[in-house]
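Numbering (our numbering), first residue to last: 309 to 1445.
C-beta atoms are modelled at their ideal positions from N, C-alpha and C, and glycine is treated no differently.
Since the model is a prediction, treat every value here as computed from it, not as a measurement.
The next block holds one structure in the form of structure tokens; read it before the comments.
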Amino acid sequence: MKKFNIRKVLDGLTAVSSSSAASQPGNKENDLIPETLQSEHFQLCKTVRHGFPYQPSSMTFDPVQKILAIGTQSGALRLFGRPGVECYCQHDSGAAVIQLQFLINEGALVSALADDSIHLWNLRQKRPAILHSLKFNRERITFCHLPFQSKWLYVGTERGNIHIVNVESFTLSGYVIMWNKAIELSSKAHPGPVVHISDNPMDEGKLIIGFESGIVVLWDLKSKKADYRYTYDEAIHSLAWHHEGKQFICSHSDGTLTIWNVKSPGKPVQTITPHGKQPKDGKKPEPCKPILKVEYKTTRAGDPYMILSGGLSYDTVGRRPCLTVMHGKSTAVLEMDHPIVDFLTLCETPYPNDFQEPYAVVVLLEKDLVVIDLAQNGYPIFENPYPLAIHESPVTCCEYFADCPVDIIPALYSVGARQKRQGYSKKEWPISGGNWGLGTQSYPEIIITGHADGSVKFWDASAIMLQVLYKLKTAKVFEKSRNKEDKPSTDIVDEDPFAIQILSWCAESRMLCVAGVSAHVIVYRFSKQEVTTEVVQLLEVRLQYELNDAESPDVGGEQLPAGGTSSPQTSVSHSHPSTSSSSSDGIRDNVPCLKVRSTPLKQSPGYQVELVVQLVWVSGEPPQQITSLAVNSSYGLVVFGNSNGLAVVDYLQKTVLLNLGTVELYGSNDPYQRQPRSPRKSRQPSGGLGDISEGSTTSEDRCKSPTSVLTSNHQQLYNGGCRGAKMSRKLSLPTELKPDLVLLSVCPPRGAIPPDGRDSSFSRSRSSSVTSIDKEAREAITSLHFAETFARKGEAVATPSLWVGTSLGTVLAVALSLPPPGEQRLLQPVIVSPSGTLIRLKGSILRMAFLDSTGAIIPPSHEPWYEPNAFDDRDEREKARKRRPVSVSPSASQELSETHYAVVCSEKQAKVLALPSQASVKHSITETSFVLRSDVVQMGSGVCVACFCANGHIMALSLPSLRPLLDVNYLPLTDMRIARTFCFSNNGQAMYLISPTEIQRITYSQDTCENLQEMLGELFTPVETPEAPNRGFFKGLFGGGAQSLDREELFGESVAGKASRSLAQHIPGPGGIEGMKGAASGVVGDLARARIALDERGQKLGELEERTAAMMASAESFSKHAHDMMLKCKDKKWYQF
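Here you go:
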């Protein structure tokens, strides 16, 4: 175990920053801090992906294994079993998945891609892998069909030909159905691409082929010619068989369905226009939109089901996409929230020649997955147990908390359970395959997501699963405008005025604080009881760059409709008068952006509003958006900052304690040579940080909200709003960011332009040089941290303090003096005073943390959670408050002479200071790029700094010596969404939004990587295939049952010959028997390996059992005959035989 001696490190430092130039090391600094973390404890790997598959394109279902597979336009595969069993895999090419087909009950899946390749996936291992691929060179794939229990895959192409692929060896058969042979002289023109292939359910030797132009051919595989051709003058989109094989149904581009008898190709038996208006004079109904897909499913007891998507009449403008279920004489039209990508009917049997008995329909929408219960009246939907609603409103920020208090998940679940909708199907979720993994991680994990509509969702993320616990709607606090015209003129965003930008949450006290895009901050307490708040407590804060002595808030006046941003001002309005609205020349002043509701607010159990703080317009300048936020339950304080300055609010006394421009924080210590500022009384500050030409905008230039891309995470300023820039551009955000040395026209951070006039492109150099400040905009507050430590140099006792980091790389400490707990805390003021401590780093400050003398993290002090609505009597509540000890960090009770370590991380550097001596050690994290997210995290017994850089590198540094422990180039391209949502948590966990709908979780812990295989669920479970339907005595006698076909004889090389080599090339996949080496150990893994080996030799366990049974029967019969023979012959002499 490597020992770290801070004195040795300090002795070796020649240049120490100015703040620690003349430092006297404390008397215990030469104590050794053992650093337990070594580089071998770190390894980076993806764990799981949650959420709805982004841009889905196809879907299939295994009716025996009960597994659903979804393919996407980016080549991703998502497999879903029972709730909690999910899997993600990716095709390397990234081409769209156009079709998926399970090898039913075989633990394998065939995927067809838009780049004309087909792939065989092995699902018998926890991480599926490709066994074989086949790339077509000369033809484009349009449709595939794999009959149940067959190893021959039919592949239809754009040219109208059909090729046949052996799924076991992934080789092409020489048997080809050419389009010209299929249609012969029935059409003068090319019939178009193949849109459908399927075999007759009762006769495998007859193949039906649908061509796009409207021609359907019934092909006899044995005689290699067409039996019948069916022609209709409208294009075909899909086709389906009746299970008896005597009829089939086609869906067409004019919104009609045609039903055909197999043996009468002249004209359809019936033509239906499900949504067409029937004219009285017997004419054809009006054409409708195309019916994109139809399924025809039979039942033993009643009428068949016809289920179709599309086909609505053209005059239903604005009508939502629909799924139509026709059953007997009833037609149900089920409206969907999003366009339909595909649907599947789930049936009781996998055999196509039996009554289908449909029981549910799975509908894949562009942004949702819906499962409809066909067996219940009214067709209710099933409650979806998967975490697919991450994107219900676009995610604008997120935070990850691993190793939470154990009581927090049950508490959130109990209040969240009351929010569930009613009216779902009573049945069990039908997609129920697979088995859960064996989770070895026992600690609770919570992910919190903030959304564009102002909602906040709490998710249980323990043991690589994800489940929504509770949803909070913050917009309820404000009055909503009824229509577009009624929109307040004070809005500073064009849409989503309630979008969440920053979350600050204390898991122990359950205090939650959110900052929104309209420069508002809301403080919430957790309660298990419902309460009605008569008046929402409101503070308006006038946070401006120059403080003007002459201006004092005049409380009173009418509040303008909600809209603009807000800026902290010390007007406390417990009811809602606002300060003066507009001056005579129409300049907006003292107006908040949003209007807090004036009617009583009923608050359900869960998070309840304690206080709303709004920044107001100042002299026609909109409030700057909030860039950093922190809440502390032990001190009763919430603090937030933007590019104008800092505000500290006492949420217990509902007062503003501190409201300072950033420059005022420095006092006489200001290290920057700023331009001379205007006199204090003037209304228009002109230089340096207050330069209005840089910082203000007119309402025409207002920026879009961060919905589509960025908003800030705790300290990150890449926050989609251009408040403070010269705003000639709207917020047009790139989907991908070039890795290095590329400038993007992205708005600078909301509320602040970073130093050097830099954009928020991810590659500018970010020096905080003294000279650069002259030309540039304001210095923003980017990081805040409460700590019980030594705020002043040489201080003997650790005291409450607030540490403030800015976009110019400065850290300032502010001392807090709190009154005694209990009644005194509510009556006496909290005193906030500067400490004189100033630390400088290169680049904007991202994260701060504190370690004790043993190297352990000192958590910010907090009070334990208590029920705020427990007593009606106020005195009783105060007594309860007195009884609760304010928990402080361990430091206060320990001896006075101990040392703390402050850890500060900026975009470029990390620095560790010994406190109270302020001697420091510095480490440069990156020269060419910059850090986007940094967290100080617990890893087993040690603590480290984890960093994510704009160039895609993930790094870890030891503490307190800042030794590099990990540096992996993880993401070659970092887009804005990843930059804004990336977060690290304890125990080697991290996450980010990989797409607008999906969360990707990764681990940087060696332990978790090793245990991951066990934690992942099994997709494939050994299940008996159901028995085939009985043919019945007479059908067997007269040959009316299903006709089987020896496809091997027809398509095998001996008869059909070899296919042209240039047609397609075979690519062996990495996931053969070798791919099984990584499969889970244990019985299931061994069984899966054994079965794969058998499959690869072309054998099936079922066949083996049947053969064994047949051999046993044969042996018994032989033994019986032998015994009879022995009895017969025992008295005969040898010559008598």
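Check	Outcome
Looking at residue 922 and residue 803, is the spacing between their C-beta atoms short of 8 Å?	no
Could you work out which residue in 1126, 1098 and 1420 is closest to residue 1206 when comparing CA atoms only?	1098
For residue 851, tell me which candidate among 1261, 774, 816 and 931 has the shortest Cα-Cα distance.	931
Distance, Cα to Cα, residue 1437 vs residue 1363?	50 Å
Would you identify the three-state DSSP class for residue 1171, choosing helix, strand or coil?	coil
Closest Cβ-Cβ distance between residue 769 and chain D: below 8 Å?	This model lacks chain D altogether; it includes just one protein chain.
Between the segment 382 to 401 and the segment 339 to 349, can you find at least three pairs of beta-carbon atoms closer than 8 Å?	no
Please state whether DSSP places residue 753 in a helix, a strand or coil.	strand
Do residue 669 and residue 682 come within 8 Å of each other at the CB atom, strictly closer than that value?	yes
For the structure I just gave you, are there three or more beta carbon pairs, one from the segment 710 to 724 and one from the segment 733 to 741, closer than 8 Å?	no
Residues in the same chain with beta-carbon distance under 7 Å from residue 823, minus the five sequence neighbours each way, listed in chain order, please.	809, 810, 829, 934, 937 and 948
Judging by CA-CA distance, which residue of 384, 772 and 757 is the nearest neighbour of residue 1297?	772
Could you give the C-beta distance for residue 1305 and residue 359, rounded to a whole number, given that I count them as a contact under 8 Å?	5 Å
Among the candidates 486, 777 and 1335, whose CA atom is the shortest distance from the CA of residue 694?	777
Nearest to residue 1334 by CA position, among 364, 370, 963 and 534, is which residue?	370
Spatial neighbours of residue 706 within its chain, please: CB distance less than 6 Å, with the 5 preceding and 5 following residues excluded, ordered by chain position.	757 and 1289
Helix, strand or coil, according to DSSP, for residue 1425 in the structure here?	helix
Based on the DSSP output, what are the partners of residue 1165 in its beta bridges?	1159
DSSP three-state label for residue 348, please.	helix
Helix, strand or coil for residue 1015? Go by DSSP, reduced to three states.	Bear in mind that a pLDDT of 32 at residue 1015, under 50, signals an unreliable position, so the model cannot answer this.
At the level of alpha carbons, what is the spacing between residue 1431 and residue 418?	53 Å
Relative to the C-alpha of residue 650, which candidate in 616, 413, 1378 and 665 has its C-alpha closest?	616
Quick check on residue 394: buried or exposed, where buried means 16 or more other Cβ atoms within 10 Å of its Cβ?	buried
If you count every other CB in all the chains shown that lies within 10 Å of the CB of residue 1384, and 16 or more means buried, which is it?	Residue confidence is low: residue 1384 scores 42 on pLDDT, short of 50, so the model does not pin down where it sits. Its coordinate-derived value is still stated next. Buried, by the Cβ-count rule.
With distances taken from CA atoms, which of 1225, 927 and 605 is nearest residue 556?	605
At the level of alpha carbons, what is the spacing between residue 1464 and residue 350?	Any property of residue 1464 remains undetermined from this structure, which presents the chain solely from 309 to 1445.
Can you find the residues in the same chain that come closer than 8 Å, C-beta to C-beta, to residue 687, ignoring five residues on each side of it along the sequence?	633, 640, 642, 680 and 681
Expressed to the nearest angstrom, what Euclidean distance is found between the alpha-carbon atoms of residue 451 and residue 763?	42 Å
Would you mind stating whether residue 752 and residue 714 have Cβ atoms separated by less than 8 Å?	yes
Identify whether residue 491 lies in helix, strand or coil by the three-state DSSP scheme.	helix
Figure out for me which residue from 411, 425, 475 and 364 has the closest Cα to the Cα of residue 1356.	475
Starting from the C-beta of residue 270, find all residues in its chain whose C-beta is less than 6 Å away, skip the five residues before and the five after it, and write them out in chain order.	Past the edges of the chain, shown from 309 to 1445, lies residue 270, and the structure says nothing about it.
Just how far apart, CA to CA, sit residue 635 and residue 903?	52 Å
Distance, Cα to Cα, residue 538 vs residue 461?	24 Å
Just confirm the distance between the C-beta atoms of residue 644 and residue 652, as a whole number of angstroms; I'd bet it's less than 8 Å.	About 15 Å separates the two Cβ atoms, so there is no contact after all.
Using only the alpha-carbon positions, how far apart do residue 910 and residue 786 sit?	13 Å
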